[in-house]
Amino acid sequence: MLKRDSNSVLYAMAVRLLCKIWAVTDWAFPNLQVVLDPENFSNFISDREISASIATSIRDVCKQNPDRGVDIILSVSFCIESRDSVVQALGLESLSYLCEADVVDFYTAWKVISKQVLDYYVEPAVAHSLCILLRCGAMDAEAYSVISGNLVRTLWRIGTSKKNNPDPLWDKARGTAFHSLSNYKVSLIQDAIPDFWKLNYEFFTNEHNLAVLKAMEHLQDEIIRYEHINRRRVTTDKRTAVHKFEKLLEVFPRAVFKGMLSHHQLPGAALLTLNFTPKDILNEGKPKDLPRVHSAFEQAFVEIAESMYVSRNIVVALLALQSWKSFVSNWMQAVVALLDTKDSSKLNKAMKAANDIFKILCDQVPVSTPQVVVNIALVIGALALIVPPTAHLVVSSVSDFLLKWLLQYEHEHKQWSAALSLGLIFNCFHPTDKKSRLQVINGFLEVISKTESCLVKGACGLALGYVCHGLLTRAHNAVDSEVEAITQLNERASVEDILHALVTLLIQLCPSSCYSLKKLSIYGISSMGGMEENIHSFSDDPWAVAGLVIGLGNSVVALYRLGAYEAVTEVKDVLISWIPNVDSNSALFDEIDSVSLCMGSCLALPSVVAFCQRVELLNDDLDALFNRYTSLASELLNLNKSGIIFQNLLMAICIGAGSFLSSILNDGVHAMEFNGVKGFLDTLRHIYTHPFPPLVHLGGMFGVVNAFGAGAGDLTGVFSKPMTSQIKHENNLFSCVHRSHLL
2 MLKRDSNSVL YAMAVRLLCK IWAVTDWAFP NLQVVLDPEN FSNFISDREI
52 SASIATSIRD VCKQNPDRGV DIILSVSFCI ESRDSVVQAL GLESLSYLCE
102 ADVVDFYTAW KVISKQVLDY YVEPAVAHSL CILLRCGAMD AEAYSVISGN
152 LVRTLWRIGT SKKNNPDPLW DKARGTAFHS LSNYKVSLIQ DAIPDFWKLN
202 YEFFTNEHNL AVLKAMEHLQ DEIIRYEHIN RRRVTTDKRT AVHKFEKLLE
252 VFPRAVFKGM LSHHQLPGAA LLTLNFTPKD ILNEGKPKDL PRVHSAFEQA
302 FVEIAESMYV SRNIVVALLA LQSWKSFVSN WMQAVVALLD TKDSSKLNKA
352 MKAANDIFKI LCDQVPVSTP QVVVNIALVI GALALIVPPT AHLVVSSVSD
402 FLLKWLLQYE HEHKQWSAAL SLGLIFNCFH PTDKKSRLQV INGFLEVISK
452 TESCLVKGAC GLALGYVCHG LLTRAHNAVD SEVEAITQLN ERASVEDILH
502 ALVTLLIQLC PSSCYSLKKL SIYGISSMGG MEENIHSFSD DPWAVAGLVI
552 GLGNSVVALY RLGAYEAVTE VKDVLISWIP NVDSNSALFD EIDSVSLCMG
602 SCLALPSVVA FCQRVELLND DLDALFNRYT SLASELLNLN KSGIIFQNLL
652 MAICIGAGSF LSSILNDGVH AMEFNGVKGF LDTLRHIYTH PFPPLVHLGG
702 MFGVVNAFGA GAGDLTGVFS KPMTSQIKHE NNLFSCVHRS HLL
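Sequence positions in the sequence shown follow our numbering and run 2 to 744.
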């Protein structure tokens, strides 16, 4: 049937049959690839039936397995170059599947094929496929502002163009144009289309085609949301308030650093308020001034890092990392502003600036004390968090550097600080960088099991919790290929390994947690008999257990994506049980390890409760939980217990209570009792205005700012995002593959 002189109908049918065979078994791909080869395709280009059959098969390959689609990319290109509208439309659709799977860069491909596209006003099939393809341009639209502006205008022209004679195909293309347009940011659409607000209103109110109006709904939703966020209300008063606030921001650094105070005396405030760009360069800098800018920021970094002592405290380290983000952002902006203007790409400038800063920080390592080295790890992590999303090479370089530090067992200060940064950087990896993601996970699991340092174990546990945020993030219906299915299975196995490691270490380090943890509906937990006898001393590192507890709390995101809803609520209940109820008759903190469990639970619970509230898995009395925080803080003040561990505990209670209150108020679902909130704020004011140790003062202040929504210490923000389960409604696959392993 596939002989060249065969009947065209039989040949076309044979091509489609071979494609269907390949869909069932991959061994047929070499034969299919020969049939789809551009050289063979060119022999039948005049036969519309055969060429349409071949183009359709090319489209199906790209849709079902994008990796195989890359193998036949020349065939896709041949389709797009074809002058036959049906073949070209199928070629454009094929390319859209490859771009959507991120195996082909859209903007690179668009520069090549943009001149090949037929007149889409005449060919509605081409217009429809073109609109599907242009949807992929929304991802990196800001990095390619000029090209993306042209894409937006093209979609707008197709969507708003009406023909005198009704044409269902053209109406379908118009609807697809609006679907694709809604993926772009409204601000970008506004910049690309002059008088957009007026034109959109006129078109929307004069359109009569129901299918097109239906397609416009999502775009109008995005426009309304954008206007709600950005439109000013009571314009005169608002402008005055903004003006006063801007003046306050200008005066604030001078008020903080008045007199003879220098930035190394108040390092945290300096990071958040000062810009170290030399004043003569600030407004009229030139490329030749770049070394001076680097030198000024490098000197400021060394002085601040030498005076900012994180004191083996995981929460203080996270707050420091969050503060370093402001410092590095100012450094990046100052460098980008001075880079050669001949390089028009902002993305290239940002990548070059980030690479230069990274090299400067690396050069500081050999001459630095352990205290500065810890801050270097944190500032490198901050750098990776603020670079543009497309700067994957920078993230990869930073990850490799920190991974080497993580594996240096002889340097504890490098290990635990690198672990914190590396855990956060995990969520910055490109989705296709599966090798780096797996290396980081395996590195954490190796170190957490082999290291003798309890602090490193705690930092790795917290980092593994952050890792859980980046696993199983793809929607289930996007897993169309065998490669993606294997990736999903590997990530599910990684989640199982992470949970097993966290629970195992908690039982080893804190035997009193064994009873609670063995109740969890997670594979392998109930069979851990006798493990509580393997006890390490962690009396000097309360953050060891606390870090593991926070990591366990963060893992609820991955558990939910696996469909383990019961395990999510069980983790929440375990965290609540580790925060003692002052009203009960039991002794408060009669065992020292219960203090560390309480520290971790106080910090982890706000995020877990907010998450459960958002996914409708919460049935607890929120007022009672909040009162448990406040009564515990008051009781701890009354007991007047001494020791650094109780200072850490009071700090954790204050910060956690502020975050808990903020998460409830942000959701706007539950009305808090006024007296309870007022009593909590009064307690915090008492803490930061009376002579308590610095850690307690720090906790009191951050409790206040977190109550107002600052999110101090939360570097992921994952709980503010809507969550969707990765499990199909028909749970047969999950039951067969995962139920026996995870639940």
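Beta carbons are placed, not taken as given, at the ideal position from N, Cα and C, and that holds for glycine.
A quick note: this is a predicted structure, and the numbers were derived from the prediction, not measured.
Fewer than three Cβ pairs drawn from the region 494-508 and the region 118-126 lie within less than 8 Å of each other, which leaves the two stretches out of contact. Taking S660 as reference, the option from A634, L604, F647 and P67 with the minimal CA-CA separation is L604. For I114, the CB contacts under 6 Å within the same chain, skipping 5 residues up- and downstream, are I81 in chain order. Residues S324 and S327 of the same chain have their beta carbon placed closer than 7 Å to that of L273, with the five preceding and five following residues left out of the count. Contact between G677 and D624 is confirmed by a C-beta separation of about 6 Å, below the 8 Å threshold. Restricted to the region 150-221, not a single beta strand (DSSP E) segment is unbroken, complete and at least 3 residues in length. Membership of Q489 in the alpha helix (DSSP H) is indicated by the continuous run E483 to L510. Using a 10 angstroms sphere on the CB of F402, the tally of other CB atoms reaches 16 or more, which defines it as buried. Counting the other CB atoms within 10 Å of its CB gives I449 a total of 16 or more, which places it among the buried residues. With respect to the 7 Å criterion, H209 and T177 are not classified as neighbours on the basis of their beta carbons. Counted as a single uninterrupted DSSP element, the alpha helix (DSSP H) harbouring E567 occupies residues Y566 to S578. A buried status is given to G466, since no fewer than 16 other beta-carbon atoms sit within 10 Å of its beta-carbon. Taking C-beta separations shorter than 7 Å and ignoring five residues to either side along the sequence, the partners of D498 in its chain run L446, following chain order. By the criterion of a C-beta distance shorter than 7 Å, A383 is surrounded in its chain by L322, W325, K326 and V329, once the five residues flanking it on both sides are discounted. Cβ neighbours of D48 within its own chain (closer than 7 Å, five residues either side excluded): S9. Collapsing the DSSP output to three states places R438 in a helix. Within the region 65-152, the alpha helix (DSSP H) runs of at least 4 residues that lie entirely inside it are, in chain order, 67-72, 74-82, 86-101, 107-114 and 125-135.
Proximity to D594 across L560, C429 and A547 peaks at A547, based on C-alpha coordinates. Taking all protein chains shown into account, K112 has fewer than 16 neighbouring C-beta atoms within 10 Å of its C-beta and is therefore exposed. Exclusion of the five residues before and after A193 leaves G150, V153 and R154 as the residues of its chain whose Cβ lies within less than 6 Å of its Cβ. The continuous alpha helix (DSSP H) containing H470 extends over residues C455 to H470. Under the Cβ criterion (8 Å, minimum of three pairs), the region 392-411 counts as touching the region 352-359. In the three-state scheme derived from DSSP, where H, G and I count as helix and E and B as strand, Y310 is classed as coil. Where L320 is concerned, the enclosing alpha helix (DSSP H) starts and stops at I315 to L339. Each of I46, G680 and S97 was checked against the Cα of I74, and the nearest Cα belongs to S97. In terms of Cβ geometry, V127 and A90 form a close pair [threshold 7 Å].
One thing to note: V16 has its Cβ within 7 Å of the Cβ of S58.
Just so you know, the alpha carbons of K350 and L340 end up roughly 7 Å apart.
Residue environment: E101 is assigned as buried (16 or more neighbouring CB atoms within 10 Å of its CB, all protein chains considered). In this structure A611 does not touch S556 by the C-beta definition: roughly 15 Å separates them, more than the 8 Å allowed. Rounded to the nearest whole angstrom, the C-alpha separation of D542 and L456 is 6 Å. In this structure, DSSP gives Y410 a state outside helix and strand, which the three-state scheme calls coil.
When C-alpha distances from R69 are compared across L33, V670 and H687, the shortest belongs to L33. With contacts defined as CB atoms closer than 7 Å, Y689 and G680 fail to qualify as a contacting pair. Contact annotation, L637 with I654: C-beta distance approximately 7 Å; criterion of less than 8 Å satisfied. Residue state for L563 is assigned as coil, using DSSP reduced to three classes.
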